[in-house]
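Heads up: the structure comes next, in structure tokens.
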Amino acid sequence: MAVLVIADHDGAHLRDTTHKTVTAAKAISGDVDVMVLGQGASAVADAAAKIDGVRKVLLAEGAGVAQGLAEAVEATVVPLAAGYDAILVPANTDGKNYAPRIAAKLDVAPISDIVEVVSADTFVRPIYAGNALETIQSADAKKVITVRPTAFAAAGEGGSASVESIAAAEAPKTTFVSAEMVKSDRPELGAAKIIVSGGRALGSAEEFAAVIEPLADKLGAAVGASRAAVDAGYAPNDYQVGQTGKVVAPQLYIAIGISGAIQHLAGMKDSKVIVAINKDADAPIFQIADFGLVADYKTAVPELMAALG
Amino acid sequence: MKILVPVKRVIDSNVKARVKADQTGVDLANVKMSMNPFDEIAVEEAVRLKEGKEHHAAGTASEIVVVSIGVTQAQETIRTALAMGADRGILVQSDTDLEPLAIAKLLKAVVDEEKPDLILMGKQSIDGDNNAVGQMLAALLDWPQATFAGKLEIAGGKATVTREVDGGLQTVAAELPAVVTVDLRLNTPRYASLPNIMKAKKKEIVTKSVADYGVDTADRLKVLKVTEPAKRSAGIKVADAAELVANLKNAGVL
Chain F
1 MAVLVIADHD
11 GAHLRDTTHK
21 TVTAAKAISG
31 DVDVMVLGQG
41 ASAVADAAAK
51 IDGVRKVLLA
61 EGAGVAQGLA
71 EAVEATVVPL
81 AAGYDAILVP
91 ANTDGKNYAP
101 RIAAKLDVAP
111 ISDIVEVVSA
121 DTFVRPIYAG
131 NALETIQSAD
141 AKKVITVRPT
151 AFAAAGEGGS
161 ASVESIAAAE
171 APKTTFVSAE
181 MVKSDRPELG
191 AAKIIVSGGR
201 ALGSAEEFAA
211 VIEPLADKLG
221 AAVGASRAAV
231 DAGYAPNDYQ
241 VGQTGKVVAP
251 QLYIAIGISG
261 AIQHLAGMKD
271 SKVIVAINKD
281 ADAPIFQIAD
291 FGLVADYKTA
301 VPELMAALG
Chain L
1 MKILVPVKRV
11 IDSNVKARVK
21 ADQTGVDLAN
31 VKMSMNPFDE
41 IAVEEAVRLK
51 EGKEHHAAGT
61 ASEIVVVSIG
71 VTQAQETIRT
81 ALAMGADRGI
91 LVQSDTDLEP
101 LAIAKLLKAV
111 VDEEKPDLIL
121 MGKQSIDGDN
131 NAVGQMLAAL
141 LDWPQATFAG
151 KLEIAGGKAT
161 VTREVDGGLQ
171 TVAAELPAVV
181 TVDLRLNTPR
191 YASLPNIMKA
201 KKKEIVTKSV
211 ADYGVDTADR
221 LKVLKVTEPA
231 KRSAGIKVAD
241 AAELVANLKN
251 AGVL
């Protein structure tokens, strides 16, 4: 019984979501291979080979897979599936894009966003925006699973697996046009230990930048936002934390001017410590906050900056 | 161009789901149900493609067919889409909850009959949170896919889609026919006006059954139990920023 993990990386660096997915894979089988899809990604493959417990690394290089085109990834992975009992993918936007496509080609039910491996065929996943947890047992001989990285610890380093090159497929009917990535020197939202998140109460993009960002920088934190703040144009789309944005679980989550709608809580309620700063004492966010400060952010945030020294 | 829009009847997004005491599922008795919010966005975009609203050329879409797979009451969901501007509906009746693989196979059978040029659908339903059916349907049809669409343009036999991905935006062009799944920021769905709700009552909804399609819809996943997530212990209110910082230092997170 062997498991294939598809690595998450930016072309040059392996992301720790890969290490976390390897941890989930090890709970299924001792034989874990990692596949790196990219172009000029040998450094990523070498990094993957160092993950503790990895048997071998498969490196597939091509334009289609490097751009994450689902058709190319599917056509590359499916022919290899015969050698594996499960294919595990981090549940980020890339993984969510191609994993179900692979599952359909293999005629198996995809299992989305697992937070626990109970046994080799039984998994736990959140449903209804995280308001319920479903324990499911798969009857499929082969499993295609996306893994919620925040629910698993990262596998350590110390391995020395071999790297093997394999053929990558292309996507004849889909063309990559362009990418517009948000540039940020701050930690990545999914991997940050501290997140400072702003909501609609900030009132404008300028205010969001003036209030949330300096506090985040002071704490070495990533910046998040509620859907309301994103929809209003105060913050870019990929800052969004929630059911339809990113799911995060940092050590410390500071929600400023966020009421705490169900969809937002779905994305952050597994944070270790939650702080809410809101002038409405009845805001739902206070029901899950470890520390709540009922105050206008306009006075509370400068005071917080001062208190942090 | 003919557009097929699959829609799903789900728990209303403002209702907090409650787990049944016997852990067999979520209690949906007497709970308000609505069209899945992402599907509303897909219907809206299809209607805009027909009307030539926003950046779309008028008449890009000639016909919009809405399909739902589910219980009899899913007719109401189809009716809502018809009131928003879709032309006709298909209900594939099923009294049991089908898995995404079965749904994708049934949708493929509908596509084989209807032969649309574009399938527009929500990126995920807010009940199962699977985010899978669109991708699976594209795979079964061997069509290209463009998921998480934040912007859509149809021209030159292609759907050019700006996708909302981690870290920013990615634009891809998919040859038609294609499957496009929509994200929240593609558009703001309209409210159906009373005259349009009345007109929608005259539009056709054909009811089929799962058996009509001869598709294997057997469950692959067995739900062993559905439980409530661990509750967070009640927190404390602090008086000011200084007390907050002291508490965070105590908790070891600063």
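So the protein sequences, as listed, match chains F and L.
Under UniProt numbering, think of the first position of the first sequence as 1, with each following residue one higher.
Under UniProt numbering, think of the first position of the second sequence as 1, with each following residue one higher.
The beta carbon of each residue, even a glycine, is placed where N, CA and C say it ideally should be.
This structure is a prediction, so every number in the text was calculated from the model and none was measured.
Going by C-alpha to C-alpha distance, which of the options sits closest to residue i?
i: F/Asp182; options: F/His19, F/Asn237, F/Ala109, F/Gln67; result: A small fix is needed here, since residue 182 of chain F is Val in this sequence, not Asp. Of the listed residues, the one whose Cα sits closest to F/Val182 is F/Asn237.
i: L/Ser233; options: F/Gln287, F/Val247, F/Gly40, F/Val241; result: F/Gln287
i: L/Leu82; options: L/Val206, L/Ala230, L/Ala200; result: L/Ala200
i: L/Lys115; options: L/Leu152, L/Ala246, L/Glu63, L/Glu45; result: L/Glu63
i: F/Ala7; options: F/Val89, F/Gly83, F/Ala222, F/Ala27; result: F/Val89
i: F/Asp121; options: F/Ala25, F/Leu80, F/Val163; result: F/Ala25
i: F/Ala179; options: F/Asp10, F/Val3, F/Ala2, F/Met1; result: F/Asp10
i: F/Val211; options: F/Thr135, F/Pro79, F/Lys298; result: F/Lys298
i: F/Ser119; options: F/Pro126, F/Gly130, F/Ile136, F/Val108; result: F/Ile136
i: L/Gly167; options: F/Ala155, F/Gly190, F/Val57; result: F/Gly190
i: L/Arg163; options: F/Glu170, F/Ala171, F/Phe176; result: F/Phe176
i: residue 310 of chain F; options: F/Gly130, F/Ile114, F/Asn131; result: Since the displayed chain F opens at 1 and closes at 309, residue 310 of chain F lies outside it and no answer follows.
i: L/Ala241; options: F/Ala75, F/Ser165, F/Ala295; result: F/Ala295
i: L/Ala100; options: F/Asn92, F/Ile111, F/Ala91; result: Rather than Ala, the amino acid found at residue 100 of chain L in this sequence is Pro. Nearest of F/Asn92, F/Ile111, F/Ala91 to L/Pro100, Cα basis: F/Ile111.
i: residue 310 of chain F; options: F/Leu252, F/Ala60, F/Glu188, F/Ala276; result: There is simply no residue 310 of chain F to check, as chain F begins at 1 and stops at 309 in what is shown.
i: F/Val65; options: F/Val54, F/Ser29, F/Gln39; result: F/Gln39
Less than 8 Å between the CB atoms is what I'm expecting for residue i and residue j, so what's the real figure, rounded?
i: F/Gly267; j: F/Leu202; result: Contact doesn't hold; Cβ gap of about 18 Å is too wide.
i: L/Val226; j: L/Val26; result: 6 Å
i: residue 343 of chain F; j: F/Gly260; result: Given a span of 1 to 309 for chain F in the structure shown, any question on residue 343 of chain F remains unanswerable.
i: L/Gly8; j: L/Asn36; result: Note that residue 8 of chain L is Lys in the sequence shown here, rather than Gly. So it is a contact: roughly 4 Å between Cβ atoms.
i: residue 311 of chain F; j: F/Val36; result: Here chain F has residues from 1 to 309 only, and residue 311 of chain F is not among them.
i: L/Ala58; j: L/Val5; result: At roughly 19 Å, the Cβ-Cβ gap does not stay under 8 Å, so L/Ala58 and L/Val5 are not in contact.
i: F/Val22; j: F/Val54; result: 7 Å
What's the C-alpha gap between residue i and residue j?
i: L/Val165; j: F/Ala228; result: 19 Å
i: F/Ala205; j: F/Pro214; result: 14 Å
i: F/Ala70; j: F/Lys173; result: 11 Å
i: F/Ala168; j: F/Gln67; result: 12 Å
i: F/Gly292; j: F/Val5; result: 40 Å
i: F/Ala49; j: L/Ala21; result: 46 Å
i: L/Thr171; j: L/Ala146; result: 9 Å
i: F/Val15; j: F/Ala283; result: First, the amino acid is wrong: residue 15 of chain F is Arg here, not Val. If I take the Cα positions, the gap works out to 35 Å.
i: L/Glu245; j: F/Ala63; result: For the record, residue 245 of chain L in the displayed sequence is Val; it is not Glu. Taking the straight line from one Cα to the other gives about 49 Å.
i: F/Ile87; j: L/Ile103; result: 22 Å
i: L/Thr96; j: L/Val43; result: 25 Å
i: L/Glu175; j: L/Trp143; result: 8 Å
i: L/Lys32; j: L/Asp127; result: 13 Å
i: F/Val73; j: F/Lys96; result: 12 Å
i: F/Lys143; j: F/Glu116; result: 15 Å
i: residue 330 of chain L; j: L/Ile78; result: Any property of residue 330 of chain L remains undetermined from this structure, which presents chain L solely from 1 to 254.
i: F/Glu207; j: F/Gln263; result: 24 Å
i: F/Gly156; j: L/His56; result: 51 Å
i: L/Val71; j: L/Ala61; result: 29 Å
i: F/Ile194; j: F/Asp270; result: 13 Å
i: F/Ser226; j: F/Ala232; result: 10 Å
i: F/Thr76; j: F/Ala300; result: 53 Å
i: F/Lys272; j: F/Ala221; result: 15 Å
i: F/Asp185; j: F/Ala249; result: 20 Å
i: L/Leu221; j: F/Ala192; result: 34 Å
i: F/Leu308; j: F/Ala276; result: 17 Å
i: F/Leu133; j: F/Pro126; result: 4 Å
Assess contact between the region 164–180 of chain L and the region 199–213 of chain L, defined as three or more Cβ pairs (one per stretch) separated by less than 8 Å. Is contact present? The region 164–180 of chain L vs the region 199–213 of chain L: no contact.
Name the residues in the region 15–32 of chain L whose C-beta lies less than 7 Å from a C-beta of chain F; which are they? Lys16, Ala17, Val19, Val26
At a CB distance below 9 Å, what residues from the region 114–131 of chain L approach chain F? Give them in sequence order. Lys123, Gln124, Ile126, Asp127, Gly128, Asp129, Asn130, Asn131
Take every Cβ of the region 185–204 of chain L, pair it with every Cβ of the region 89–108 of chain F, and state whether three or more of those distances are shorter than 8 Å. The region 185–204 of chain L, when compared against the region 89–108 of chain F, does not touch it at the 8 Å Cβ threshold.
Cβ-based contacts, 7 Å cut-off: residues of the region 134–168 of chain F near chain L: Glu134, Thr135, Ile136, Gln137, Ser138, Ala139, Asp140
Check distances from the C-beta atoms of the region 138–152 of chain L to those of chain F and list, in chain order, the residues that come in under 8 Å. Ala138, Ala139, Leu140, Trp143, Pro144, Gln145, Ala146, Thr147, Phe148, Gly150
Members of the region 152–186 of chain L near chain F, C-beta cut-off 7 Å: Thr160, Glu164, Val165, Asp166, Gly167, Gly168, Leu169, Gln170, Thr171, Val172, Ala173, Ala174, Glu175, Leu184, Arg185
Listed in chain order, which residues of the region 219–244 of chain F have Cβ atoms closer than 9 Å to some Cβ of chain L? Leu219, Arg227, Val230, Asp231, Pro236, Asn237, Asp238, Gln240, Gln243, Thr244
Pull out every residue of the region 63–84 of chain F whose Cβ sits closer than 9 Å to any Cβ of chain L, in chain order. Flagged, chain order: Gln67, Gly68, Leu69, Ala70, Glu71, Glu74.
Which of the residues in the region 282–303 of chain F, read from start to end, lie with their CB under 7 Å from any CB of chain L? Ile288, Ala289, Asp290, Phe291, Gly292, Leu293, Val294, Ala300, Glu303
For the region 213–241 of chain L, which residues have a beta carbon sitting closer than 7 Å to at least one beta carbon of chain F? Arg220, Leu221, Lys222, Val223, Leu224, Lys225, Val226, Thr227, Glu228, Pro229, Arg232, Gly235, Ile236, Lys237, Val238, Asp240, Ala241
Using a Cβ distance threshold of 8 Å, determine whether the region 127–142 of chain L contacts the region 245–253 of chain L, with at least three qualifying pairs required. Under the 8 Å Cβ criterion, the region 127–142 of chain L does not count as touching the region 245–253 of chain L, having fewer than three qualifying pairs.
Relative to chain L, which residues along the region 86–108 of chain F have a C-beta separation below 9 Å, given in chain order? Ala91, Asn92, Thr93, Asp94, Lys96, Asn97, Tyr98, Ala99, Pro100, Arg101, Ile102, Ala103, Ala104, Lys105, Asp107, Val108
Got a sec: which bits of the region 4–16 of chain F sit with their beta carbon under 7 Å from any beta carbon on chain L, in order along the chain? none
For the region 54–87 of chain L, which residues have a beta carbon sitting closer than 7 Å to at least one beta carbon of chain F? none
For the region 94–111 of chain L, list every residue whose C-beta sits within 8 Å of some C-beta in chain F, in sequence order. Glu99, Pro100, Leu101, Ala104
Tell me which residues of the region 167–186 of chain F have at least one Cβ-Cβ distance to chain L shorter than 8 Å, keeping chain order. Ala171, Lys173, Thr174, Thr175, Phe176, Val177, Ser178, Ala179, Glu180, Met181, Val182
Got a sec: which bits of the region 20–52 of chain F sit with their beta carbon under 8 Å from any beta carbon on chain L, in order along the chain? none
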